[in-house]
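Undergrad: In this text, residue positions in the sequence shown follow the UniProt record's numbering: the first is 1, and each later residue adds one.
Even for Gly, the Cβ is constructed at its ideal location relative to N, Cα and C.
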Amino acid sequence: MGTMEPSHQQLLRQVIKRVHPDLFLAHPFEMKVNSDSLQALNAYADQLAVGASPTPAQLEFYVRTGDAQAGLALITATLPGDGDLLPLFSAFGLADEAAARGTGELFAPAASLAAWLRESLSDAARLAGEHAALAAASQELRTAVERAYDLGHLQLSNEYPLQCSEQRRNLVALRLLEGSLSLLSSDNPDRFQGLHLRLSPGVPGTAGNRARECHISDDGVVHLVAEDSASTLQALAALDMGRARLLARVAHFWRRRAWDLEAPLASLLGVRCVACYSNDMHSHQAFVLWAGAVLRARHRFEAALRGRAFSFGLLVHAGGSGPVLDPVPASAYVQVRADCHPSQLLEYLTGAAAAAADAASGVAEAARAAEAAALEAAREALGVRALLRLCSSAPQAAAAAARLMRCAPALRAALPALRLVSLALDDGYHVWDSGLVSIPHDFGASELEPALQALLADARVGAGASPEGPRQLPGTAASSDGDRGRAQAGLAAAATGRPRRGPSTMPPRRAPLASWGRAATRRACAGAPPRLLRPMGSLLRR
1 MGTMEPSHQQ
11 LLRQVIKRVH
21 PDLFLAHPFE
31 MKVNSDSLQA
41 LNAYADQLAV
51 GASPTPAQLE
61 FYVRTGDAQA
71 GLALITATLP
81 GDGDLLPLFS
91 AFGLADEAAA
101 RGTGELFAPA
111 ASLAAWLRES
121 LSDAARLAGE
131 HAALAAASQE
141 LRTAVERAYD
151 LGHLQLSNEY
161 PLQCSEQRRN
171 LVALRLLEGS
181 LSLLSSDNPD
191 RFQGLHLRLS
201 PGVPGTAGNR
211 ARECHISDDG
221 VVHLVAEDSA
231 STLQALAALD
241 MGRARLLARV
251 AHFWRRRAWD
261 LEAPLASLLG
271 VRCVACYSND
281 MHSHQAFVLW
291 AGAVLRARHR
301 FEAALRGRAF
311 SFGLLVHAGG
321 SGPVLDPVPA
331 SAYVQVRADC
341 HPSQLLEYLT
351 GAAAAAADAA
361 SGVAEAARAA
371 EAAALEAARE
381 ALGVRALLRL
391 CSSAPQAAAA
401 AARLMRCAPA
411 LRAALPALRL
421 VSLALDDGYH
431 VWDSGLVSIP
441 HDFGASELEP
451 ALQALLADAR
461 VGAGASPEGP
471 RQLPGTAASS
481 DGDRGRAQAG
491 LAAAATGRPR
501 RGPSTMPPRR
511 APLASWGRAA
521 TRRACAGAPP
531 RLLRPMGSLL
541 RR
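1. Using the rule of at least 16 other Cβ atoms within 10 Å of the residue's Cβ for burial, across every protein chain shown, is Leu74 buried or exposed?
2. Would you kindly report the start and end of the unbroken beta strand (DSSP E) that includes Leu346?
3. Give me the residue from Leu72, Arg64, Phe443, Glu60 with the minimum Cα distance to Leu79.
4. Could you give the residue range of the beta strand (DSSP E) that holds Val63?
5. Determine, using beta-carbon pairs with one atom in the region 143–151 and one in the region 171–190, whether at least three such pairs fall under 8 Å.
6. Assuming Ser138 contacts Gln167 (C-beta within less than 8 Å), just tell me the rounded distance between them.
7. Using only the alpha-carbon positions, how far apart do Cys214 and Val225 sit?
8. Look at the Cβ atom of Leu305, then the Cβ atom of Leu349, and state whether they are nearer than 8 Å.
9. In angstroms with no decimal places, state the Cα-to-Cα distance between Pro530 and Asp187.
10. For Phe29, count neighbouring Cβ atoms within 10 angstroms of its own Cβ and tell me buried if that reaches 16, exposed if not.
11. How many angstroms separate the CA atom of Gly152 from the CA atom of Arg245?
12. In this structure, does DSSP put Ser185 in helix, strand or coil?
13. From what residue to what residue does the alpha helix (DSSP H) around Ser157 run?
14. Of all the options Ala397, Ala357, Gly362, Asp358, which has the alpha carbon lying nearest to the alpha carbon of Glu376?
15. CB Val222 to CB Leu261, shorter than 8 Å?
16. Apart from the five residues on each side of it in sequence, which residues of its chain come closer than 7 Å, Cβ to Cβ, to His282?
17. DSSP three-state label for Cys214, please.
18. Would the region 355–365 and the region 377–384 be scored as touching if the rule is three or more Cβ pairs under 8 Å?
19. If you follow the alpha helix (DSSP H) that Cys407 is in, where does it begin and where does it stop?
20. For Pro201 versus Ala173, is the C-beta distance shorter than 8 Å?
21. Please report the straight-line C-alpha distance between Ala238 and Leu177, rounded to a whole angstrom.
22. Closest to Gln285 by CA distance: which of Val271, His252, Met241, Ala367 is it?
23. With a threshold of 16 other CB atoms inside 10 Å of the CB of Arg500, please say whether the residue is buried or exposed.
24. Beta carbon of Val336, beta carbon of Leu325: below 8 Å?
25. For a test of the three-state rule: what should DSSP assign to Gln193, helix, strand or coil?
26. Taking 8 Å as the threshold (C-beta atoms), are Arg385 and Ser438 in contact?
27. If we ignore side chains and look at the alpha-carbon of each, how far apart do Leu88 and Ala77 end up?
28. Hey, would you say Leu86 sits closer than 8 Å to Gln14, going by beta carbons?
29. Alpha carbon to alpha carbon, how far is Val33 from Leu72?
30. State the start and end residues of the unbroken alpha helix (DSSP H) segment that holds Pro87.
31. By alpha-carbon positions, which one of Arg272, Ser278, Trp259, Gly313 ends up nearest to Gly292?
32. Nearest-angstrom Cα distance between Ala374 and Ala401?
33. In the DSSP output, what is His317 paired with across the bridge?
34. Using a Cβ-Cβ distance cut-off of 8 Å, determine whether Ile16 contacts chain C.
35. Drop a sphere of 10 angstroms on the beta-carbon of His131, count the other beta-carbons inside from all chains shown, and report buried for 16 or more, exposed for fewer.
36. May I have the straight-line CA-CA distance separating His430 from Leu418, to the nearest angstrom?
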């Protein structure tokens, strides 16, 4: 039997950061291949995490190369049944690093949270500022292009990139689009009026794929890959605008009809809400037909339910497989297939399954609200921009938030740059390309005492030796004497959080991997319906 070594979990993250489907939205085939292989790798890792003998797996991944002519490269790896991940790491050039790590700690850098933060916050603040500036520039340019050419909607395929390099590629694509639209509309300002466009940054050296990737979808959305000015101009000039507008009007009819039916359905069924799972025209058509069948049986539902109210919502999807009615674990939603007969739905709502789903929904909502309140309280105490949970367990996050609350005065006094960054409760120490700072959820509060005492002592020495005051990170303000006093008082409270402990290990992840990335995360954080039919597993969450 194999077990997942802690050091291997960090190496897996490096692999996932190169092959995540979000990075290949402009390449549908390659994105699907990577998604399928990630699911297979996820299942393999799940088996390792629980100490089981994994099933051998053949993996194929597309990755971006530095060679402009090569574009994308295919990497293959065969994982054996003994749990050895070395073939995967070797395929990605990580064999030497895997051998060097051995069975060591998941993250090498710091034994002390405060010391590691002191070393890392400057880079994190710089990355966060750069990422925010690029995101603002991208949003401003996108809005300007929409208004200047009266587009119906302009969407970026990678709308919420985690890396600054992806933000820059978005800006390049928007500038290419703007230049092409300007040239083509010079003699007809209304040429692109009402156009719905989905823009993807191009990858140099992949021009042969343009015919497949630049097209008008069934819902009238123009999918355009902006690689260079010539190919972008050629693709826009060849568009059948009449067909695009006709398809867009048809798609808008079905979308509007689906939206109009959601409120009457929720009122009739007594559920929190009813929503269409996907935003494509086929799903909207299936939703409308299903809604019509349910509304035609209005009298049966009214007589059986008699005004009963449920705390869960319904997500209606057009998938032809899986259970007809399926509660989403640890959420407030039940998934319903669009071919679910009204009698099946009525039987479910009047039976024990709906009562159980209602109770589970209430528990999930209460837990989510409590977690949000705990994270917000810790965020305010620390003064950081945001505090997120990336570890898989909500109780772990709640315990970490409580310890951070006790440590907050000391951390704020020693680390003024905290106010410039966002923190994530994770499985170890890491600074992401967006400037997000991950810290281990199981850090010991007692770790802070010696480190903070040293940091505060350094600050006092610096204040006495230099008229400029204590040494600071760039862009931060010096701590006041009152802050230092509160920090010293906070050391005792921090030390009582729990006894000193050895290096942390990463528990098996049970959180889902959102195939389409940040959009799913954003919806989940906003309390909107989840977009995954089934969780994809544990260790590959990012």
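TA: Considering the structure as presented:
1. exposed
2. Not the beta strand (DSSP E): Leu346 falls in the alpha helix (DSSP H), residues 342–349.
3. Glu60
4. 57–64
5. yes
6. 6 Å
7. 6 Å
8. yes
9. Any reading at Pro530 is ruled out, since the residue's pLDDT is 33, under 50, leaving its predicted position unreliable.
10. exposed
11. 10 Å
12. coil
13. Neither: Ser157 is in no alpha helix (DSSP H) and is coded neither H nor E.
14. Ala397
15. no
16. Ala318
17. coil
18. no
19. 394–414
20. yes
21. 14 Å
22. His252
23. With a pLDDT of only 31 at Arg500, under the threshold of 50, the placement of this residue in the model should not be trusted, and no figure is reported.
24. yes
25. coil
26. no
27. 5 Å
28. no
29. 13 Å
30. 86–91
31. Trp259
32. 6 Å
33. Arg337
34. As a matter of chain content, chain C is missing from the structure shown, which is built from one protein chain.
35. buried
36. 15 Å
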